[in-house]
Amino acid sequence: MATYVISDIHGQYNMFIELLDKSDLKDTDTLYILGDVLDRGPQPIKTIRKLMEMPNAICLVGNHEFMAMKCLGFLMKEITDKSIEELDDEMLDNLETWQYNGSRSTVDEFTQMDSESKKDVIDFIKEFLIYEEVSVNDKNYLLVHGGLGNYSPEKDIDDYSLHELIWSRADYNIQYFSDKYVITGHTPTQAIRNNPNPGYIYRRNNHIAIDCGATYPGGRLAAICLDTGEEYYSEPNKMGSDAIGL
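With the first letter of the sequence shown counted as 1, position 207 gets the number 207 in the UniProt record's numbering; the numbers rise by one all the way through.
In structure tokens form, the structure reads like this:
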């Protein structure tokens with residue numbers, strides 16, 4: 001019964017399956033997904049539906065799920081002249097923001113499903129956790145997508161806003177906790193300043209950054225086993241996405 005963590009799959013379904021095989025994930029193991037399953041890569045909804053079949057997978061929300069959930073209800077509607085006329089400025093802004101951040105592949109797959117399947121996907125994403133605290137082999141971990149925005153040692157985790165947890169980036173120069181490791185995605189390790197080993201899991205000041213830029217050309221999807229510290233990587237992305245962002 002081991003515990004694994006993956007983040008920022010971004011529709012890279014084949015990389016995800018490759019990691020499951022490489023880590024030899026068993027039904028008795030627990031797999032945490034730290035958000036951003038959706039967008040950018042070619043098969044985000046297929047990846048979501050795979051996770052829906054995995055009772056041992058526990059998903060946390062990322063900023064891309066946050067953007068999607070503002071829009072997927074609208075995409076449930078039949079697109080008619082009337083529905084377009086009723087499109088208000090707020091929804092239009094949500095759709096534009098999501099599109100700018102790589103929604104195309106999610107929208108394409110989502111709109112091809114029947115209504116019941118669409119509802120099942122929405123209901124599944126609604127259950128994503130905001131953060132999780134776990135203990136493995138007497139080591140404590142905080143799992144969260146982004147970081148602790150406006151960090152203060154006096155703040156309890158529940159005092160942080162959703163934006164601070166899923167949009168803000170971890171400050172790897174600061175040790176947030178002396179007795180706890182913070183595992184995050186959201187910031188590709190290729191984008192961490194002065195990182196000597198970009199594209200691989202980054203550890204510093206009790207931070208463990210595991211977004212290894214799966215949508216970047218040459219980027220990878222990474223997994224870490226908390227029981228052993230062992231790291232697993234997919235083969236490098238030979239293509240990259242048409243909209244690489246964070």
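Just so you know, even glycine gets a beta-carbon here, dropped at the ideal spot from N, CA and C. Source: prediction; values computed, not measured.
Reference residue i, options the options, closest by Cα
i           : options                       : result
Leu142      : Ser234, Gly185, Gln43, Met76  : Gly185
Tyr32       : Met15, Phe74, Leu51, Asp21    : Leu51
Ala68       : Met15, Ile174, Phe124, Pro217 : Phe124
residue 321 : Pro42, Thr187, Cys59          : For residue 321 there is no data in the structure shown, the boundaries of the chain being 1 and 246.
Glu231      : Gln43, Ala223, Asn237         : Ala223
Asp138      : Lys180, Glu85, Asp156         : Lys180
Trp98       : Glu109, Asp89, Phe110, Phe66  : Phe66
Boundaries of the beta strand (DSSP E) in which residue i is found, first to last residue
i      : result
Val61  : Per DSSP, Val61 belongs to no beta strand (DSSP E) and is neither H nor E.
Glu132 : 131 to 136
His207 : 207 to 209
Tyr202 : 202 to 204
Tyr4   : 3 to 6
Leu165 : Here Leu165 belongs to no beta strand (DSSP E); instead the alpha helix (DSSP H) covers 162 to 166.
Ile224 : 222 to 225
Glu231 : 231 to 233
Burial state of residue i (16 or more Cβ within 10 Å)
i           : result
Asp36       : buried
Gln112      : exposed
Thr215      : buried
Ser23       : buried
Gly11       : buried
Thr189      : buried
Asp39       : buried
Lys153      : Looking at the sequence itself, residue 153 is Pro, so the reference to Lys does not match. Exposed, since its Cβ has fewer than 16 Cβ neighbours within 10 Å.
Asn63       : buried
Ser103      : buried
Asp242      : Summary for Asp242: the model assigns pLDDT 45, below 50, so the residue's position carries little reliability; its value from the coordinates is reported in the next sentence. Its Cβ having fewer than 16 others within 10 Å, Asp242 is exposed.
Ser115      : exposed
Phe16       : buried
Ser213      : Contrary to the premise, residue 213 reads as Gly rather than Ser in this sequence. So Gly213 ends up on the buried side.
Asn140      : exposed
residue 262 : Missing from the structure shown is residue 262; the chain here goes from 1 to 246 and no further.
Ile84       : exposed
Pro217      : exposed
Leu87       : exposed
Proximity below 8 angstroms, CB of residue i to CB of residue j
i      : j      : result
Asp21  : Thr3   : no
Met91  : Lys118 : no
Ile9   : Leu221 : yes
Tyr100 : Thr47  : no
Ile166 : Val61  : yes
Asn206 : Gln175 : yes
Ser7   : Asp211 : yes
Gly146 : Ser178 : no
Arg204 : Tyr172 : yes
Ile58  : Glu133 : no
Gly149 : Glu164 : yes
Asp27  : Asn56  : yes
Cβ separation of residue i and residue j, assumed to be a contact under 8 angstroms, to the nearest whole Å
i           : j      : result
residue 323 : Ile122 : With the chain covering only 1 through 246, there is no way to say anything about residue 323.
Ala170      : Val182 : 7 angstroms
Gly41       : Ser105 : 6 angstroms
Residue interval of the alpha helix (DSSP H) (run including residue i)
i      : result
Glu116 : 115 to 126
Tyr13  : 13 to 23
Thr106 : 104 to 111
Distance cut-off 7 angstroms: residue i Cβ against heavy atoms of the ligand HEM
i     : result
Glu85 : In terms of ligand content, the structure shown is empty, and the ligand HEM therefore cannot be addressed.
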